[in-house]
Amino acid sequence: MSVAPQSVRIIEGDSPFAHLQRLLGRRDTVRYLVTSQLKAGQRDKVLGHLWNLLDPLLYMLVYFFVFGVLFGQGRGRSVDFMLYIISGVLTWRFFDASINQCVMCVRSNRGLIQEINFPKSVFPVAVCLARLYDFCWGLVVLLLVLLVTGHFPGINVLWLPFLVAILVAFAMGLGFLAAYVGAFFADTQNVMTVALRLWFYTSPIFYHVSGPNALEPLTKHPNIKAIYMSNPMACIMEGVRDVTLNSRPPDLEYTVYAASVALATLIVGFCVFTRGEGKFAKYV
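Going by the numbering used here, the sequence shown opens with residue 673, and the numbers climb by one from there.
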């Protein structure tokens with residue numbers, strides 16, 4: 673394994689910049705961990721990597737059936753509502769999977785942590801990059817469905833990589849924090865599952881926050897909408913929909929806000945994680 677050959681001495685109290693330098697020096701380790709996670713996810717599956725395309729499609733159909741057919745949302749505009757759902761579901765699945773898997777990424781690698789000296793930040797980073805790979809396949813599905821249904825994104829789709837970068841930074845920052853707490857408290861995963869479920873239902877995945885189909889409280893009460901849009905995930909989801917479904921650039925105010933929160937979260941999360949990683953071997 674590529675972790676073993678090179679030993680890195682982690683000194684508690686080192687600056688985050690020193691830790692970042694060590695992390696960048698272990699790109700081979702990150703690459704190995706990402707590849708291992710992706711291979712483990714496809715092991716013993718008959719369809720193999722074809723599930724990268726089928727999985728988001730099946731999720732889209734399930735959610736569309738539940739909310740579009742059973743609950744009657746999007747009636748009369750079934751295709752548009754289906755696209756609205758898949759864009760939100762894909763974005764959320766990356767975010768949810770990244771944080772949930774980061775919670776236990778330190779504990780699940782206790783053998784390596786206790787025996788080998790290297791920057792433990794490789795674990796949350798590898799988790800997020802592996803989930804990013806899956807997310808990119810989901811975006812391919814979204815773009816294919818858009819083309820098949822006659823919805824052409826236009827030039828503003830070039831904003832998409834920037835919005836994805838904001839999403840990854842936000843998820844990775846929270847992933848560092850979740851991994852840090854999870855290293856000391858094994859029941860963090862239970863709490864995180866409930867918290868993410870609540871976050872899921874308070875994000876604009878199955879309902880609109882603007883336009884004629886928006887929720888009534890959000891259209892009649894600007895203060896309520898301002899509070900609602902303080903959720904960075906709401907800003908990111910709306911931005912993704914703007915550039916893919918609505919052929920327009922993302923809202924500048926929401927995008928700048930989401931980018932600022934994501935960057936701050938990434939910096940704080942990385943600093944907290946690296947300051948505490950010297951204690952991980954004692955607790956896991």
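Every residue, glycine too, gets a C-beta built ideally from N, C-alpha and C. Keep in mind that this is a model prediction, so the values were computed, not measured.
DSSP assignment within the segment 761 to 794 yields the following whole alpha helix (DSSP H) runs of 4 residues or more, N-terminal first: 782 to 787. When DSSP assignments are scanned along the segment 824 to 856, no uninterrupted stretch of beta strand (DSSP E) that is 3 or more residues long falls wholly within it. Residue burial is scored here from C-beta neighbours: Y873 has fewer than 16 other C-beta atoms within 10 angstroms and is therefore classed as exposed. If the five residues before and after V881 are omitted, its C-beta is found closer than 6 Å to the C-beta atoms of L890, all from its own chain and listed in chain order.
In the structure shown, the three-state DSSP call for H880 is strand. The three-state reading of DSSP puts H691 in helix, counting H, G and I together. Between the segment 807 to 827 and the segment 751 to 771, the count of Cβ pairs shorter than 8 Å is three or higher; the stretches touch. A direct Cα-to-Cα measurement between I757 and L730 gives close to 12 Å. T937 sits away from G854, with the two beta carbons spaced by 8 Å or more. Relative to the Cα of W764, the nearest Cα in the group P904, V928, V915 belongs to P904.
F856 and V817 have their C-alpha atoms spaced approximately 43 Å apart. Between E925 and K792, the C-beta spacing is not below 8 Å.
For K897, the enclosing alpha helix (DSSP H) has its first and last residue at 894 to 900.
Counting along the chain, the unbroken alpha helix (DSSP H) around L730 starts and ends at 723 to 735. About 6 Å separates the CB atoms of P921 and W831; that is less than 8 Å, so the two are in contact. In the three-state scheme derived from DSSP, where H, G and I count as helix and E and B as strand, A906 is classed as helix. W723 and F753 have their C-alpha atoms some 24 Å from each other. Of the residues assessed, F824 falls on the exposed side of the cut-off, its CB having fewer than 16 other CB atoms within 10 angstroms.
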